[in-house]
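To keep things clear, I will list the structure first and then write my remarks on it.
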Ligand SMILES: [Zn+2]
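In our numbering, the protein residues as written are 1 to 278.
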């Protein structure tokens, strides 16, 4: 397991067909764009409406469903609900999830600054696993499986955004790069990471790798088992496209969206080249 396909003629034809058209071997994953909190999942949240809104402004990757919606990549798995219902980017098992000890496993019980957000509720956690987390991951896994079956490879593009700055004591306010590329030591080829960084600089933006956030999602079925699945996270600084105080788009939205699409295309071009060596 873990090697590329066998270069069969069917695959070669598929690759040929992909050269200029849509790229269905790409699966775009957008986990944090929604603000929707249905009453049945939100009833245990103990923050006031105002506190919850402030927390949502801080934590929601607002508009990423539009930012990462390049038409060439029609396979998109977008989380339906807010991360305050369920953070689908977290490990299913809290024992594997580093953020769980801060109350931010897949069902948050604490805010970013450690304030109590909801009381622990095992029954609700089970319900959320069954109704939200598992169906989301089934969709993601099925999309990756489908790409592997049809094209012998898959590229997962994990689309996020992050706040423009952070307060880090004792250093004060730290400014952050325009883009952050998150990598996985097993699923992100170094060349893919480097190609994206080059492209971002060429477009006139600053970029860091795994700073401020690291990693890139891969479904557990393939995680650190199957090299045919490549994964990369593209994180966009919110100052480029939105006003974080009221979660509205800024004048830079469309320009940033086009830049994000160009970065995504660059990732796909790299993977197409990779495929030629099958
Ligand atoms: Zn995110």
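Note that beta-carbon positions come from the ideal geometry of N, C-alpha and C, so glycine has one too. Since we're looking at a predicted model, the values are computed, not measured.
Problem set entry | Reduced DSSP secondary structure (H/G/I, E/B, other) of residue 89 | coil
Exercise. In terms of residue numbering, what span does the beta strand (DSSP E) encompassing residue 125 cover?
Worked result: From DSSP, residue 125 is part of no beta strand (DSSP E) but of the alpha helix (DSSP H) over 122 to 128.
Exercise. So does residue 184 have its beta carbon nearer than 7 Å to some heavy atom of ligand 2?
Worked result: Judged by which ligands are present, ligand 2 is missing from the structure shown, whose ligands are ligand 1.
Problem set entry | Close-in-space but distant-in-sequence residues of the same chain around residue 250 (CB under 7 Å, 5 per side omitted) | 241, 242 and 243
Problem set entry | In chain order, each beta strand (DSSP E) run of at least 3 residues that lies wholly inside the segment 182 to 267 | 207 to 209 and 229 to 237
Exercise. Start and end of the beta strand (DSSP E) containing residue 152?
Worked result: Unbroken run through residue 152: none, as it is neither H nor E.
For this session: Pick out whichever of 111, 126, 142 and 260 has its Cα sitting closest to the Cα of residue 41.
Result: 126
Exercise. Identify the residues that DSSP records as bridge partners of residue 165: which are they?
Worked result: 175
Exercise. Since residue 76 is in the beta strand (DSSP E), which residue starts that stretch and which ends it?
Worked result: 76 to 78
Problem set entry | When 149, 219, 225 and 191 are compared against residue 209, the one with the closest alpha-carbon | 191
Problem set entry | Distance CB(residue 230)-CB(residue 271) smaller than 8 Å | yes
For this session: Find out if the Cβ-Cβ distance for the pair residue 160, residue 247 is shorter than 8 Å.
Result: no
Exercise. How many Å lie between residue 87 and residue 124 at the Cα?
Worked result: 14 Å
For this session: Take every Cβ of the segment 32 to 50, pair it with every Cβ of the segment 140 to 151, and state whether three or more of those distances are shorter than 8 Å.
Result: no
Exercise. Regarding residue 177 and ligand 1, is the C-beta to nearest heavy atom distance less than 7 Å?
Worked result: no
For this session: Give the DSSP-derived three-state secondary structure of residue 272 in the structure shown.
Result: helix
For this session: Determine the direct distance from the alpha carbon of residue 163 to that of residue 58, and round the result to whole angstroms.
Result: 7 Å
Exercise. Could you give the residue range of the alpha helix (DSSP H) that holds residue 39?
Worked result: 39 to 42
For this session: Could you tell me which residues DSSP puts in a beta bridge with residue 180?
Result: 208 and 235
For this session: Verify the contact flag: residue 61, CB atom, against every heavy atom of ligand 1, threshold strictly below 7 Å.
Result: yes
Exercise. Between the segment 73 to 91 and the segment 30 to 38, do at least 3 Cβ pairs fall closer than 8 Å?
Worked result: yes
For this session: Using 10 angstroms around the beta-carbon of residue 39, count the other beta-carbons present and answer buried if the total reaches 16, otherwise exposed.
Result: exposed
For this session: Leaving out five residues on either side along the sequence, give the residues of the same chain with a beta carbon under 6 Å from the beta carbon of residue 259.
Result: 203
Exercise. At which residues does the beta strand (DSSP E) containing residue 29 begin and terminate?
Worked result: 26 to 30
Exercise. Cβ of residue 32 within 7 Å of any heavy atom in ligand 1?
Worked result: yes
Exercise. According to the Cβ coordinates, are residue 263 and residue 196 closer than 8 Å?
Worked result: yes
Problem set entry | residue 160: CB within 7 Å of a non-hydrogen atom of ligand 1 | yes
Exercise. Can you give the Cα-Cα distance for residue 212 and residue 179, rounded to whole angstroms?
Worked result: 10 Å
Problem set entry | C-alpha distance - residue 245 paired with residue 149, whole-angstrom precision | 44 Å
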